[in-house]
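Student: The listed protein sequences derive, respectively, from chains L and B. When we follow the numbering used here, the leftmost residue of the first sequence carries the number 1, and every step to the right adds one. When we follow the numbering used here, the leftmost residue of the second sequence carries the number 1001, and every step to the right adds one.
There are 2 protein chains.
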Amino acid sequence: MKIGIDIGAQTIKIGTKDKKGDYKIKTGIKTGPDFIKTGEKLKGEIEKSFGRASLAVIGCFGPLDLFKKKVIKAPNLPGWVGISFRGWEKILGCPIILENDANLAIYGEAKVGAGKGYKIVSGFTLGSGVGYGCVMDGKIYHGNWDVEAGHMILDPGGPPCGCGQKGCLEAYISRLAILEKFGKEPHDLQDEKAWDWIAHKIAWGCQLVTVLVKPDTIVLCGGIAQHKGLLEKVQKCYRKMLRIYPKEASETKIVLGKYIEHAGVIGAVELLVSS
Amino acid sequence: MKIGIDIGAQTIKIGTKDKKGDYKIKTGIKTGPDFIKTGEKLKGEIEKSFGRASLAVIGCFGPLDLFKKKVIKAPNLPGWVGISFRGWEKILGCPIILENDANLAIYGEAKVGAGKGYKIVSGFTLGSGVGYGCVMDGKIYHGNWDVEAGHMILDPGGPPCGCGQKGCLEAYISRLAILEKFGKEPHDLQDEKAWDWIAHKIAWGCQLVTVLVKPDTIVLCGGIAQHKGLLEKVQKCYRKMLRIYPKEASETKIVLGKYIEHAGVIGAVELLVSS
């Protein structure tokens, strides 16, 4: 059985596609501080839910070294720094394809979600962190090394980011950054002006994506993106920030992701289909 | 004869490659306010220098509609707004391939210049305006529409840009922006602190290119890039702005263009070779 796995800092989702083409997804497996023990527990969960794994696509928080299958940094899970998923290949007894979690979420949206049918699909995942991914002609765009574009700098003198830089997009609109600035969790935040401010930062990120990547569509994924009215605010702000191209900016599709929580694991399952 | 043409707001360069593989370049043809008359004069110059044109690659300032071969905006040449190079196809008597001028300059550098041998080559042209181009696997990357990434926004409340936006990269480091801020033309500017400031803006642009495009190398072209010591300042600043990836940022090659003035026309000639 081919298994898609999405590893978050707190929980792990696993999934596969049944013979009818329906997704079977199991959530709520705890990400433990010990990498090897988490792998052993995961093996049990996979076998209980789907049977023995023959191939696994794993999406993981980063930064990652995709070639060496390594986690480079993990601020919330110090025990995971420097680990290699080659260790899990022995535990699970199958080969592992490692991917950046945001890449897989956007891949899922590009294949079967809000980006379906577009040639170049970029997107942000807005949650605990800010991820970015891009799919070109049906393939995940990797470039030269696995950079996390949530760390694009909006202001070199801006607020400190968990990564050690200042003024990264993530330092403004991650869940924690919003909590710190506005004193409320995003899902409790009802202040329209606060959401104007958040929309402005997201639109700014979309402007930078547009001028450098020139995608057909930009998909906004993750819980924060779902706030009522946010998409319209982002679209309005984005058009103002691209007033040099009034026609094209109005035509560029900024859309909400179809899969609020499961884009990552669905992306992993879809990548298995083509592996 | 296949002809490469690089159209600037003030002068036009034409070129070709002789049988030995050497570039033959003619410079100093004036860009006139009248599009048709400029084309008729250019036809004479081409025939005088190289003989009758059978195919032309034209690099032009933008924004352009590459499909319709149209100039969308031309702040310095109002008579060129909305014109189509299909008109020149009749005058020159040959098909024309239109390209963004910065794309061609980076294509020239990627094929035979400072970016030769790299898989993904991004670059800025730093002069009267700020251009950006990218070559992936030997081909110019176009994306969905011809956006000019010199208009990436560094600060939505920043100085006004000629394009109508505020705080674009071009609004900080174009020739005119430097003249306005420091009271001197870039080639007369000797203040080290001024060049630190300019380097910081270029490095910021390179940070954004890196996180979104992940190129193997970034080539800095144009007269302003050649200022002694600027490259080292940019590299130093860039590493600070990517301290999340100390290893990779040190390995990413930011280099000077090989062709100080002629990258655009050489890029046009090289594109002809593969056309």
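Glycine is no exception: its CB is placed at the ideal position from the N, C-alpha and C atoms. For clarity, every value in this text was computed on a predicted model and none was experimentally measured.
1. Please classify residue 1122 of chain B: is it buried, with 16 or more other beta-carbons within 10 angstroms of its beta-carbon, or exposed?
2. Over the uninterrupted alpha helix (DSSP H) stretch that includes residue 1250 of chain B, give me the two end residues.
3. Based on the DSSP output, what are the partners of residue 122 of chain L in its beta bridges?
4. Tell me where the beta strand (DSSP E) around residue 196 of chain L begins and ends.
5. Between the alpha carbons of residue 258 of chain L and residue 1038 of chain B, how many angstroms are there, rounded?
6. Determine, using beta carbons only, whether residue 248 of chain L comes closer than 8 Å to chain B.
7. Buried or exposed: where does residue 252 of chain L fall if 16 or more other Cβ atoms within 10 Å of its Cβ makes it buried?
8. Kindly list, in the order they appear in chain L, the residues whose Cβ is closer than 7 Å to that of residue 1204 of chain B.
9. Using alpha carbons as the reference points, say which of B:1234, B:1111, B:1161 and B:1213 lies closest to residue 1202 of chain B.
10. Around the C-beta of residue 108 of chain L, are 16 or more other C-beta atoms found within 10 angstroms, so that it is buried, or is it exposed?
11. Expressed to the nearest angstrom, what Euclidean distance is found between the alpha-carbon atoms of residue 1064 of chain B and residue 1072 of chain B?
12. So, under 8 Å CB-CB, residue 1016 of chain B and residue 1003 of chain B are touching, yes? Tell me the CB distance rounded to an integer number of Å.
13. Whose Cβ in chain B lies nearer than 7 Å to the Cβ of residue 210 of chain L?
14. Mapping DSSP to helix, strand and coil, what is residue 282 of chain L?
15. Pop quiz: residue 1058 of chain B and residue 1085 of chain B are said to be a contact at Cβ under 8 Å. What is the actual Cβ separation, rounded to whole angstroms?
16. Can you give me the start and stop residues for the beta strand (DSSP E) that residue 25 of chain L sits inside?
17. Which residues of chain B have a Cβ atom closer than 7 Å to the Cβ of residue 94 of chain L, listed in chain order?
18. Starting from the C-beta of residue 1068 of chain B, find all residues in its chain whose C-beta is less than 7 Å away, skip the five residues before and the five after it, and write them out in chain order.
19. Excluding sequence positions up to five away, which residues of its chain have a Cβ less than 6 Å from the Cβ of residue 267 of chain L?
20. Relative to the C-alpha of residue 27 of chain L, which candidate in L:270, L:263, L:272 and L:275 has its C-alpha closest?
21. Could you please tell me which residues of the region 1232-1261 of chain B, in chain order, have their CB closer than 8 Å to any CB of chain L?
22. Going straight from the alpha carbon of residue 9 of chain L to that of residue 130 of chain L, what length do you get?
23. Suppose the cutoff is 7 Å on Cβ atoms and the five residues either side in sequence are ignored; what does the same chain contact list for residue 117 of chain L look like?
24. Which chain L residues are close to residue 1213 of chain B, counting only those with a beta carbon under 8 Å from its beta carbon?
25. Compute the Euclidean distance between the alpha carbons of residue 211 of chain L and residue 1149 of chain B, then round it to the nearest angstrom.
26. Please decide whether residue 1164 of chain B counts as near chain L, where near means a Cβ-Cβ distance under 8 Å.
27. Which value, in whole angstroms, describes the spacing of the CA atoms of residue 168 of chain L and residue 157 of chain L?
28. Using the C-alpha atoms, what's the distance from residue 40 of chain L back to residue 160 of chain L?
29. Would you list the one or two residues that DSSP bridges to residue 1084 of chain B?
30. So, under 8 Å CB-CB, residue 35 of chain L and residue 87 of chain L are touching, yes? Tell me the CB distance rounded to an integer number of Å.
31. Start and end of the beta strand (DSSP E) containing residue 1004 of chain B?
32. Report all residues from its chain with a CB closer than 7 Å to the CB of residue 1238 of chain B; omit the five preceding and five following residues, and keep chain order.
33. Which residues of chain L have a Cβ atom closer than 8 Å to the Cβ of residue 1216 of chain B, listed in chain order?
34. Output yes if chain L places a C-beta closer than 8 Å to the C-beta of residue 1078 of chain B; else output no.
35. Measure the C-alpha to C-alpha separation of residue 1112 of chain B and residue 1060 of chain B and round it to an integer number of angstroms.
36. Using a Cβ-Cβ distance under 8 Å, would residue 1160 of chain B count as near chain L?
Tutor: The structure says:
1. For the purposes of this step, residue 1122 of chain B is identified with residue 122 of the second sequence, where counting begins at 1. Buried, since its Cβ has 16 or more Cβ neighbours within 10 Å.
2. Mapped onto the second sequence, residue 1250 of chain B falls at position 250. Looking at the DSSP string, the run of the alpha helix (DSSP H) that includes residue 1250 of chain B is 1246-1251.
3. Mapped onto the first sequence, residue 122 of chain L falls at position 122. DSSP output for residue 122 of chain L lists L:134 and L:218 as bridge partner(s).
4. As a working mapping, residue 196 of chain L is identified with position 196 in the first sequence. Taken as a continuous stretch (DSSP letters only), residue 196 of chain L belongs to no beta strand (DSSP E), being part of the alpha helix (DSSP H) at 192-213.
5. The residue labelled residue 258 of chain L in the question sits at position 258 within the first sequence. The residue labelled residue 1038 of chain B in the question sits at position 38 within the second sequence. C-alpha separation (whole angstroms): 52 Å.
6. Along the first sequence, one-based indexing puts residue 248 of chain L at 248. Yes, residue 248 of chain L lies at the interface with chain B (some Cβ there is under 8 Å from its Cβ).
7. Along the first sequence, read from residue 1 onward, the residue named residue 252 of chain L stands at position 252. Residue 252 of chain L is buried by the Cβ-count criterion.
8. Numbered from 1 along the second sequence, position 204 holds the residue referred to as residue 1204 of chain B. Under the 7 Å cutoff, chain L gives 153 and 156.
9. The count along the second sequence starts at 1 and reaches residue 1202 of chain B at position 202. When only C-alpha atoms are compared, the closest one is B:1234.
10. Taking the first residue of the first sequence as 1, we reach residue 108 of chain L at position 108. Buried, by the Cβ-count rule.
11. In the second sequence, residue 1064 of chain B corresponds to position 64, counting from 1. In the second sequence, residue 1072 of chain B corresponds to position 72, counting from 1. Using only the alpha carbons, I get a separation of about 5 Å.
12. Against the second sequence, residue 1016 of chain B aligns to sequence position 16. Against the second sequence, residue 1003 of chain B aligns to sequence position 3. Yes, residue 1016 of chain B and residue 1003 of chain B are in contact; Cβ-Cβ is about 6 Å, under 8 Å.
13. Taking the first sequence and counting its residues from 1, one reaches residue 210 of chain L at position 210. By Cβ distance, chain B contributes 1147.
14. Here chain L has residues from 1 to 275 only, and residue 282 of chain L is not among them.
15. Indexing the second sequence from 1 puts residue 1058 of chain B at position 58. Indexing the second sequence from 1 puts residue 1085 of chain B at position 85. So it is a contact: roughly 6 Å between Cβ atoms.
16. By 1-based counting over the first sequence, the position of residue 25 of chain L is 25. Here the beta strand (DSSP E) through residue 25 of chain L covers 23-30.
17. To locate residue 94 of chain L, count along the first sequence from 1; it is residue 94. The premise fails here: residue 94 of chain L is roughly 29 Å from chain B at the closest Cβ pair, so nothing lies under 7 Å.
18. Counting from one through the second sequence, the residue named residue 1068 of chain B turns up at place 68. For residue 1068 of chain B, where only same-chain residues beyond five positions count, the Cβ hits under 7 Å are 1084.
19. In the first sequence, counting from the first residue as 1, residue 267 of chain L sits at position 267. Cβ neighbours of residue 267 of chain L beyond the five flanking positions: 104, 105, 107 and 108.
20. The residue labelled residue 27 of chain L in the question sits at position 27 within the first sequence. With distances taken between Cα atoms, residue 27 of chain L lies closest to L:263.
21. 1241, 1242, 1243, 1244, 1245, 1248 and 1252
22. As a first step, residue 9 of chain L is located in the first sequence; it is residue number 9 there, counting from the start. As a first step, residue 130 of chain L is located in the first sequence; it is residue number 130 there, counting from the start. The alpha-carbon atoms of residue 9 of chain L and residue 130 of chain L are separated by roughly 13 Å.
23. As a position in the first sequence, residue 117 of chain L is number 117, starting the count at 1. For residue 117 of chain L, where only same-chain residues beyond five positions count, there are no Cβ hits under 7 Å.
24. The residue labelled residue 1213 of chain B in the question sits at position 213 within the second sequence. Those within 8 Å of residue 1213 of chain B in chain L are 143, 212 and 213.
25. Sequence index remark: in the first sequence, residue 211 of chain L carries index 211 (1-based). Sequence index remark: in the second sequence, residue 1149 of chain B carries index 149 (1-based). Looking at the two C-alpha atoms, the distance is approximately 5 Å.
26. If you number the second sequence from 1, residue 1164 of chain B lands on position 164. Taking Cβ atoms only, chain L reaches closer than 8 Å to residue 1164 of chain B, which makes this a yes.
27. Translated into positions along the first sequence, residue 168 of chain L becomes position 168. Translated into positions along the first sequence, residue 157 of chain L becomes position 157. Roughly 10 Å separates the two Cα atoms.
28. In the first sequence, counting from the first residue as 1, residue 160 of chain L sits at position 160. In the first sequence, counting from the first residue as 1, residue 40 of chain L sits at position 40. Roughly 36 Å separates the two Cα atoms.
29. As a first step, residue 1084 of chain B is located in the second sequence; it is residue number 84 there, counting from the start. Note: residue 1084 of chain B sits in a beta bridge opposite B:1070.
30. Taking the first sequence and counting its residues from 1, one reaches residue 35 of chain L at position 35. Taking the first sequence and counting its residues from 1, one reaches residue 87 of chain L at position 87. With 8 Å as the limit, residue 35 of chain L and residue 87 of chain L qualify as a contact, their Cβ atoms being about 7 Å apart.
31. Along the second sequence, read from residue 1 onward, the residue named residue 1004 of chain B stands at position 4. Residues 1002-1007.
32. Indexing the second sequence from 1 puts residue 1238 of chain B at position 238. Contacts found: 1203, 1206, 1207, 1249 and 1254.
33. Locating residue 1216 of chain B in the second sequence gives position 216, counting from the first residue. Going along chain L in sequence order, the residues near residue 1216 of chain B (Cβ under 8 Å) are 144.
34. Start at 1 with the first residue of the second sequence, and residue 1078 of chain B comes out as number 78. So no, residue 1078 of chain B is outside the interface.
35. Locating residue 1112 of chain B in the second sequence gives position 112, counting from the first residue. Locating residue 1060 of chain B in the second sequence gives position 60, counting from the first residue. Their backbone Cα atoms lie some 20 Å apart in a straight line.
36. One-based indexing of the second sequence puts residue 1160 of chain B at position 160. Chain L contact via Cβ: absent.
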